[in-house]
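For the record, the sequence lines run as chains Y and D.
Letter 113 of the first sequence, counting from 1, is numbered 113 in the working numbering, and no numbers are missing.
Letter 96 of the second sequence, counting from 1, is numbered 1096 in the working numbering, and no numbers are missing.
Glycine is no exception: its CB is placed at the ideal position from the N, C-alpha and C atoms.
Note that the structure is predicted; figures quoted are calculated from it, not measured.
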Amino acid sequence: MKFSLFFEMQISRPTRDKEAECFRNCLEQAELADRLGYDCIWEVEHHGLYEYSHSSSPEIFLSFVAARTQRIRVGHGITLTPHRYNHPIRVAERIATLDILSGGRVNWGSGKSSSLVEKVAFQNDLTTLHEQWREALEMIPRMWQQDVFTWKGRFYDIAPTQVIPKPVQRPHPPIFAACSKPDSAAAVGGLGIGALNFAVGTDKDLAEKVQAYRKAVERARPEAYQRNMHFACTPPACILPDDRRACEFGFRGARFFAESLARYYFGEDRPIGPLDVPRDFLPADELEAAMAFRTDPDAESSIVIGDPVRAREQVQRFVEAGVDELILVMQMGTVPHEIILESIRTFAERVMPHFR
Amino acid sequence: MNAGAAMLMNLSVQATRWAARWTAGGEARRAEMKGLAGVLNIEFTGDDGGGVWHVSFDDGRVVMRKGAGENPRATVRLQPRDYLAMVAGDLAYSTARMTGRIRLSGDGHFGIVFGASVENLRTAARGPGPVGWIARRLTGRALRKGGYTSPGERIPA
Chain Y
1 MKFSLFFEMQ ISRPTRDKEA ECFRNCLEQA ELADRLGYDC IWEVEHHGLY EYSHSSSPEI
61 FLSFVAARTQ RIRVGHGITL TPHRYNHPIR VAERIATLDI LSGGRVNWGS GKSSSLVEKV
121 AFQNDLTTLH EQWREALEMI PRMWQQDVFT WKGRFYDIAP TQVIPKPVQR PHPPIFAACS
181 KPDSAAAVGG LGIGALNFAV GTDKDLAEKV QAYRKAVERA RPEAYQRNMH FACTPPACIL
241 PDDRRACEFG FRGARFFAES LARYYFGEDR PIGPLDVPRD FLPADELEAA MAFRTDPDAE
301 SSIVIGDPVR AREQVQRFVE AGVDELILVM QMGTVPHEII LESIRTFAER VMPHFR
Chain D
1001 MNAGAAMLMN LSVQATRWAA RWTAGGEARR AEMKGLAGVL NIEFTGDDGG GVWHVSFDDG
1061 RVVMRKGAGE NPRATVRLQP RDYLAMVAGD LAYSTARMTG RIRLSGDGHF GIVFGASVEN
1121 LRTAARGPGP VGWIARRLTG RALRKGGYTS PGERIPA
């Protein structure tokens, strides 16, 4: 099992100072993760999702992380590839450059975006986002491998071009995609690429999803890129020596994460300004109910929150479902930097060794 | 079955019919839902009797109906008063999930769809103009009918 960290650059009630501080804090968290043996720093790309994600230029942050760390991998989770966001040639160039400068430490995930905020801001054609993503996915790995790249497709008609530089990983960095719908994991498996699974279910359901994904990858015969069989999940996480303290911060953060995500992804509007979401600690009765529900047979494998003993139990459920990597979401808007650092340390010292 | 929760669910049934016929941007929504297939059952449990509705997704087409759907990909179970509290904005969907007040069996992605349906109701009730006014009136009426008093007074019950 691999263990990584996930960065949205979340900020509850941002100010310019808090925003700058958040980026510096995330860098410090990434450096600590590198020293403690985590596998990858994954970062999202979003635009205009105020409070939920201030991470609009992941390629800049990840290059800073690469420069300040020794061994940890840097992952785009994910790059938006519809062309109004990023032209495929620019993506290929940036990823290859980061791969060179990081010494071959790049994981590359791609996707199409889900929030109306960014889709509309970039004046995207909302009806063809999926097809644009698919075409870019076929193009970019070819750019990394071909001396002269030529393309004639539905959205792009590119004359012979030398797309340079080339990545140092051969034939190219491992490729992943976001999975945000029930059958996305199997569909992504059918393309032969790694799955970044952003929602989960009960243990049985998750195990079935992993199996369906693996069967699909085994059948996949991608022409443009090397197959990558890897299933990752992204649970909200807070692990501290004291179980109740971990739950106070962890459930509060997980609720902020989920509710602000819902505002941007599920409503049919485009929120502007501070979000109408709960930010306080859970009241005592709700906190106790949430702590008790973690071990209920009906509880989903969706969090890693608690002391190291509880965290090991929760990680074990992902192991048994066949998950390859947990990308822990510790950076949640209401969780203070010092608590995140303590959580990164506690997990690395008292949970990770049991699974390696 | 709580009359207010039943009214909101039946309104949702109507809303999916209206959305299919009249709403602008339907093509974009269908593109977003493309590939989503299956049935989500929503079961209300509790002392005042139960009730079941289902939402079926068929490659961009969404239909909600009263009664249980066959071969559900997921089932959400909750008490009517918790549903009303969510619609009123007093109970976060995520809190309901993490405390077990909403029980989900099956695919977690479909549970998200249920959360989205509550969020869409709330978005409509927050909205400006006649649509927002109608949504606020209907939601407020359903909350009153269900005997729910909102401590937060986010939507006047």
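Could you check where the beta strand (DSSP E) with Y/N107 kicks off and where it finishes? 106-111
Would you mind listing the alpha helix (DSSP H) stretches within the segment 198-226 of chain Y that are 4+ residues and don't spill past its ends, in chain order? 203-219
Using beta-carbon positions only, say whether Y/S180 and Y/E51 come within less than 8 Å of one another. no
Residues near Y/P58 by beta carbon distance below 7 Å, same chain, minus five either side: E43, V44, E45, H76
C-beta contact flag for D/G1132 and D/A1124 at 8 Å: The answer is yes: Cβ separation under 8 Å.
Indicate whether at least one CB of chain D lies closer than 8 Å to the CB of Y/D361. Since the first residue of chain Y shown is 1 and the last is 356, residue 361 of chain Y is not available in this structure.
Y/R157 bridges to which residues according to DSSP? Note on residue identity: the sequence assigns Asp, not Arg, to residue 157 of chain Y. Bridge partners of Y/D157: Y/K152.
Taking the CB atoms as reference points, tell me whether Y/I78 and Y/L196 lie closer together than 8 Å. yes
Neighbourhood of D/A1126 by C-beta distance below 6 Å, restricted to the same chain and skipping five residues each side: At residue 1126 of chain D the sequence reads Arg, which differs from the Ala that was named. None.
Let's test the definition: count the other Cβ atoms within 10 Å of the Cβ of Y/D243 and tell me whether it reaches 16, buried, or not, exposed. buried
Among the residues of its own chain, which have a CB less than 6 Å from the CB of Y/F189, if the five just before and after it don't count? First, the amino acid is wrong: residue 189 of chain Y is Gly here, not Phe. Y213, A216, V217, listed in sequence order.
D/K1066, buried or exposed, once every other Cβ within 10 Å from all chains shown has been counted against 16: exposed
Applying the criterion that 16 or more other CB atoms from any shown protein chain within 10 Å of the CB defines a buried residue, is Y/P274 buried or exposed? exposed
Rounded to whole angstroms, what is the Cα-Cα separation between Y/E198 and D/G1106? Here the sequence assigns Phe to residue 198 of chain Y, which means Glu is not the residue at that position. C-alpha separation (whole angstroms): 16 Å.
Please report the straight-line C-alpha distance between D/W1018 and Y/K204, rounded to a whole angstrom. 36 Å
Entirely enclosed alpha helix (DSSP H) segments - the segment 91-146 of chain Y, minimum 4 residues: 116-121, 129-145
Short of 7 Å Cβ to Cβ, which residues in the segment 1093-1122 of chain D face chain Y? Y1093, S1094, T1095, M1098, T1099, G1100, R1103, L1104, S1105, G1106, D1107, G1108, H1109, F1110, I1112, G1115, A1116, E1119, N1120
Which residue's Cα is closest to the Cα of D/G1046: D/T1016, D/S1094, D/L1078, D/V1039? Of D/T1016, D/S1094, D/L1078, D/V1039, the residue nearest in Cα terms is D/L1078.
Could you work out which residue in Y/A321, Y/C22, Y/W133 is closest to Y/R154 when comparing CA atoms only? Across the set Y/A321, Y/C22, Y/W133, the C-alpha of Y/W133 shows the shortest separation from the C-alpha of Y/R154.
Of all the options D/R1144, D/A1135, D/R1137, which has the alpha carbon lying nearest to the alpha carbon of D/A1005? D/R1144
In the segment 260-309 of chain Y, which residue ranges form an unbroken alpha helix (DSSP H) of at least 4 residues, counting only runs that do not cross its ends? Runs found: 284-293.
Contact list for the segment 1029-1048 of chain D against chain Y, Cβ threshold 9 Å: Within the segment 1029-1048 of chain D, the qualifying residues are R1029, R1030, A1031, E1032, M1033, K1034, G1035, L1036, A1037, G1038.
What number of angstroms, rounded off, separates the C-alpha of D/A1024 from the C-alpha of Y/A262? The predicted model places D/A1024 with a pLDDT of 46, which falls under 50 and marks its position as unreliable, so this point remains unresolved.
Are the CB atoms of Y/A284 and Y/F293 within a distance shorter than 8 Å? no
List the residues of chain Y whose Cβ lies closer than 8 Å to the Cβ of D/R1073, in chain order. P182
Listing by chain order, which chain D residues have their CB less than 8 Å from the CB of Y/R255? A1092, S1094, T1095, M1098
Measuring CA to CA, which of Y/Q29, Y/A33, Y/R13, Y/V106 is closest to Y/L49? Minimum Cα distance to Y/L49 is reached at Y/R13.
Taking the alpha-carbon positions, what's the Y/F257 to Y/V148 distance? 44 Å
Suppose you measure from the CA of Y/E167 to the CA of Y/W144; what does that come to, to the nearest Å? Contrary to the premise, residue 167 of chain Y reads as Pro rather than Glu in this sequence. One Cα belongs to Y/P167, the other to Y/W144, and the distance between them is close to 7 Å.
Where Y/K18 and Y/I11 are concerned, what is the direct C-alpha to C-alpha distance, given to the nearest angstrom? 8 Å
Tell me the start and end of each unbroken alpha helix (DSSP H) in the segment 1052-1103 of chain D that is at least 4 residues and wholly inside, in chain order. List check, alpha helix (DSSP H) in window: 1080-1088, 1093-1098.
I'd like the span of the beta strand (DSSP E) that includes Y/L5, first residue to last. In the DSSP assignment, Y/L5 falls within the beta strand (DSSP E) that extends over 2-7.
Could you check whether the Cβ of Y/L282 sits closer than 8 Å to any Cβ belonging to chain D? yes
Mind pulling the beta strand (DSSP E) runs of 3 or more residues that sit fully within the segment 29-56 of chain Y? 40-43
Which residues does DSSP pair with D/E1043 in a beta bridge? Note: D/E1043 sits in a beta bridge opposite D/V1052, D/R1077.
Among Y/T334, Y/D99, Y/E268, which one has its Cα closest to the Cα of Y/A246? Y/T334
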